[in-house]
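*Asks:*
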Ligand SMILES: Nc1ncnc2c1ncn2[C@@H]1O[C@H](COP(=O)(O)OP(=O)(O)O)[C@@H](O)[C@H]1O
Ligand SMILES: [Mg+2]
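In the numbering used here, the protein residues as written are 13 to 248.
(1) Rounded to the nearest angstrom, what separates residue 35 and residue 203 at their Cα positions?
(2) Could you pull the start and end residues of the beta strand (DSSP E) that residue 51 belongs to?
(3) On the CB-based measure, 16 or more other CB atoms within 10 Å of its CB, does residue 125 come out buried or exposed?
(4) Between the C-alpha atoms of residue 103 and residue 23, what's the straight-line distance to the nearest angstrom?
(5) Which term fits residue 157, buried or exposed, when burial requires 16 or more other beta carbons within 10 angstroms of its beta carbon?
(6) Apart from the five residues just before and just after residue 235, which ones in its own chain have a Cβ nearer than 6 Å to its Cβ?
(7) Straight-line CA distance for residue 217 to residue 43?
(8) Could you name the residues of the same chain whose beta carbon sits closer than 8 Å to that of residue 227, not counting the 5 residues immediately before and after it, in chain order?
(9) Evaluate contact between the stretch 106-117 and the stretch 164-175, counting only Cβ atoms and requiring at least three cross-stretch pairs below 8 Å.
(10) Residue ranges of each alpha helix (DSSP H) run of no fewer than 4 residues wholly in the stretch 33-104, ordered along the chain?
(11) So residue 21 is in the beta strand (DSSP E); what residue range does that whole segment cover?
(12) Residue 94 to residue 155, Cα distance in whole Å?
(13) Answer yes or no: does any C-beta atom of chain B fall closer than 8 Å to that of residue 85?
(14) Going by C-alpha distance, which of 153, 88 and 162 is nearest residue 177?
(15) So residue 258 and residue 46 are in contact, right, with Cβ under 8 Å, and what is the actual spacing, rounded?
(16) On the CB-based measure, 16 or more other CB atoms within 10 Å of its CB, does residue 173 come out buried or exposed?
(17) Considering only residues of the same chain and omitting the five flanking positions on each side of residue 232, which have a CB-CB separation below 6 Å?
(18) Is the beta carbon of residue 59 less than 8 Å from the beta carbon of residue 78?
(19) In the DSSP assignment, find the beta strand (DSSP E) that holds residue 229 and state where it starts and stops.
(20) State the Cα-Cα distance for the pair residue 20 and residue 64, rounded to the nearest angstrom.
(21) Going by the DSSP bridge assignment, what does residue 31 pair with across the sheet?
(22) Starting from residue 186, trace the alpha helix (DSSP H) both ways and give me its first and last residue.
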């Protein structure tokens with residue numbers, strides 16, 4: 013479970029990136045986080061991934077308290093979360109297979125398990141035929157899917173993706189969202205930061221909208237307002 017209680021994050025003593033966020037995401041939920049550039053979405057993701065600590069308030073994820081977690085416990089936290097970063101963070105001189113196997117080795121998985129699990133996950137993301145390629149020998153969409161495979165491979169409780177469709181054409185974006193839905197269907201909690209208004213509205217999931225570091229709307233049923241709709245809503 014993910015829970016934020018009155019969370020503030022101030023950078024360099026002055027930039028207030030998050031300004032009193034409270035929310036709860038239950039196990040097995042699928043939620044979108046939307047909002048304009050600079051509203052604090054990536055800061056929220058980095059707090060959940062244990063890359064940053066809150067300036068104020070409480071961040072709880074999978075039984076860990078990010079404000080209090082000891083550095084030696086961060087690897088245990090990371091095992092419960094798969095993060096898909098906006099810039100992929102793939103290792104250039106490792107094959108697709110190795111990029112994924114690597115994160116299993118990093119948590120000490122036995123070779124026998126790695127040999128079974130990596131092909132399974134690569135098949136799930138549709139990369140069965142690209143396992144021996146290097147990152148510079150695959151397309152942007154395929155790199156994105158390697159990043160997802162890597163986030164998935166240790167069977168985390170939660171998958172968090174920061175604008176995973178940022179570099180994809182519309183058809184690929186739809187495909188990627190269906191993949192995340194499929195993963196959610198297998199029981200994983202999924203949290204996706206995105207700008208894809210049409211997709212968000214079509215998928216009709218929970219939508220958490222952030223502006224200036226606060227939650228301005230949190231509704232289920234796909235509800236990503238554009239500026240005109242927001243004004244209309246204020247008027248009625
Ligand atoms: N490492 C940092 N140091 C200082 N300011 C930062 C840092 N990262 C983000 N910010 C600022 O915090 C605010 C929120 O940023 P961010 O969380 O990246 O927003 P988003 O992902 O919604 O675009 C912005 O004003 C941004 O400039
Ligand atoms: Mg961002």
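Ideal Cβ placement from N, Cα and C applies to all residues, glycine included.
*Replies:* Taking the definition as stated:
(1) 13 Å
(2) Premise fails: residue 51 is in no beta strand (DSSP E) and is neither H nor E.
(3) exposed
(4) 29 Å
(5) buried
(6) 219
(7) 6 Å
(8) 33, 34, 35, 220 and 221
(9) yes
(10) 53-60 and 86-91
(11) 14-23
(12) 16 Å
(13) The question asks about chain B, but that chain is absent: this structure has only one protein chain.
(14) 153
(15) Residue 258 cannot be examined here, being either before or after the span of the chain that is shown, 13 to 248.
(16) buried
(17) 218
(18) yes
(19) 226-232
(20) 12 Å
(21) 20
(22) 182-197
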